[in-house]
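Accompanying notes for the structure given below.
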Amino acid sequence: DVKVTQSSRYLVKRTGEKVFLECVQDMDHENMFWYRQDPGLGLRLIYFSYDVKMKEKGDIPEGYSVSREKKERFSLILESASTNQTSMYLCASSSRLRGAHTEAFFGQGTRLTVV
Amino acid sequence: GDSVTQMEGPVTLSEEAFLTINCTYTATGYPSLFWYVQYPGEGLQLLLKATKADDKGSNKGFEATYRKETTSFHLEKGSVQVSDSAVYFCARITGGGNKLTFGTGTQLKVEL
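Those protein sequences? They're chains X and B, same order as listed.
Be aware that the first sequence starts at 1, since it is given in this note's numbering, and climbs by one per residue.
Be aware that the second sequence starts at 1001, since it is given in this note's numbering, and climbs by one per residue.
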């Protein structure tokens, strides 16, 4: 059974803290993604990575950074958490088959509250 | 840039009604198109996909046809069930690209 695992389901952090959200996939996928999901705004792409040590900004990268040191792990970092980063964070991974993108598999999400 | 626009919800239907959820995409490149579904309390999962113009994706009674002339990928189902209540997301990825972009999602509520 394919799996994308996010390290925490619920997280509460204080303003100004450095926050790490971890995501691990066991499918040997090249692509990994971080989204945030907010009511009325859908899924917005924060960062994605198409290979180890490679990263690309998504649509809303401000206030975030990422790390991909190993193929199976993609970390999202909030350098100094703020209340407007309270959200549901979703990690996903996908592969390329003969150059074409295959379906993305999602983790269960991390609901982060910044107080 | 690459974007996807889908109809706002919530959409409320009676069981066995016909469903259409509209989705349009920007025509940059040659995108593959997807519909994902999120059932209450669960993560997103792929519902169906189409990779080129005129392709029809189908699954669980849902269908969507990739229409290049109208840049649309509308989701349809002939007879919805209460168990179809969920949030539906349209998404695109450019051929050869890696950036997967989603619409804002449409909540569907099906009542008895």
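For glycine and all other residues, C-beta sits at the position ideal for the given N, C-alpha and C.
Here's a check: name, in chain order, each residue in its chain whose Cβ is nearer than 6 Å to the Cβ of residue i, leaving out the five neighbours to either side.
| i | result |
| --- | --- |
| residue 1079 of chain B | 1016 |
| residue 21 of chain X | 76, 89, 110 |
| residue 1071 of chain B | 1024, 1025, 1027 |
| residue 1102 of chain B | 1089, 1091 |
| residue 1065 of chain B | 1056 |
| residue 71 of chain X | 52 |
Show which residues of chain X have a CB atom less than 7 Å away from the CB atom of residue i.
| i | result |
| --- | --- |
| residue 1049 of chain B | 103 |
Check the DSSP bridge columns for residue i and list the partner residues they point to.
| i | result |
| --- | --- |
| residue 1101 of chain B | B/1092 |
| residue 32 of chain X | X/49, X/93 |
| residue 101 of chain X | X/96 |
| residue 1067 of chain B | B/1072 |
| residue 44 of chain X | X/36 |
Could you list which residues in chain B have their beta carbon closer than 8 Å to that of residue i, in chain order?
| i | result |
| --- | --- |
| residue 47 of chain X | Near residue 47 of chain X there are no residues of chain B at all, since even the closest Cβ is about 10 Å away, more than 8 Å. |
Quick one: residues in its chain with C-beta nearer than 8 Å to the C-beta of residue i, no 5 flanking neighbours on either side, listed in chain order?
| i | result |
| --- | --- |
| residue 45 of chain X | 33, 34, 35, 58, 59, 60 |
| residue 1014 of chain B | 1110, 1111, 1112 |
| residue 106 of chain X | 4, 90, 91, 92 |
Starting from residue i, find everything on chain B with Cβ-Cβ shorter than 9 Å and list it in chain order.
| i | result |
| --- | --- |
| residue 74 of chain X | Those within 9 Å of residue 74 of chain X in chain B number zero; the least Cβ separation is about 13 Å. |
| residue 94 of chain X | 1093, 1098, 1100 |
Under 9 Å, Cβ to Cβ, is there at least one residue of chain X near residue i?
| i | result |
| --- | --- |
| residue 1029 of chain B | no |
| residue 1075 of chain B | no |
| residue 1036 of chain B | yes |
Is any beta-carbon of chain B found at less than 9 Å from that of residue i?
| i | result |
| --- | --- |
| residue 50 of chain X | yes |
| residue 79 of chain X | no |
| residue 67 of chain X | no |
| residue 28 of chain X | no |
| residue 90 of chain X | yes |
Which chain B residues are close to residue i, counting only those with a beta carbon under 7 Å from its beta carbon?
| i | result |
| --- | --- |
| residue 108 of chain X | 1043 |
| residue 33 of chain X | 1100 |
| residue 42 of chain X | 1089, 1102, 1103, 1104, 1105 |
Over what stretch of residues does the beta strand (DSSP E) that includes residue i continue unbroken?
| i | result |
| --- | --- |
| residue 120 of chain X | Given a span of 1 to 115 for chain X in the structure shown, any question on residue 120 of chain X remains unanswerable. |
| residue 10 of chain X | 10-13 |
| residue 17 of chain X | That residue, residue 17 of chain X, is in no beta strand (DSSP E); it is neither H nor E in DSSP. |
| residue 1050 of chain B | 1044-1050 |
| residue 75 of chain X | 73-78 |
| residue 1111 of chain B | 1106-1111 |
Excluding the 5 residues flanking residue i on each side, which residues of the same chain have their C-beta closer than 7 Å to its C-beta?
| i | result |
| --- | --- |
| residue 101 of chain X | 94 |
| residue 65 of chain X | 77, 79 |
Residues of chain X with CB closer than 8 Å to the CB of residue i, please, in chain order.
| i | result |
| --- | --- |
| residue 1085 of chain B | Ordered by position in chain X, no residue passes the 8 Å Cβ test against residue 1085 of chain B, which lies about 17 Å from the chain. |
What in chain X is Cβ-close to residue i, meaning under 9 Å?
| i | result |
| --- | --- |
| residue 1014 of chain B | Neighbours of residue 1014 of chain B on chain X: none; closest Cβ ~25 Å, over 9 Å. |
At a CB-CB cut-off below 7 Å, which residues of chain C make contact with residue i?
| i | result |
| --- | --- |
| residue 1108 of chain B | Here chain C cannot be found, since the structure's protein chains are X and B. |
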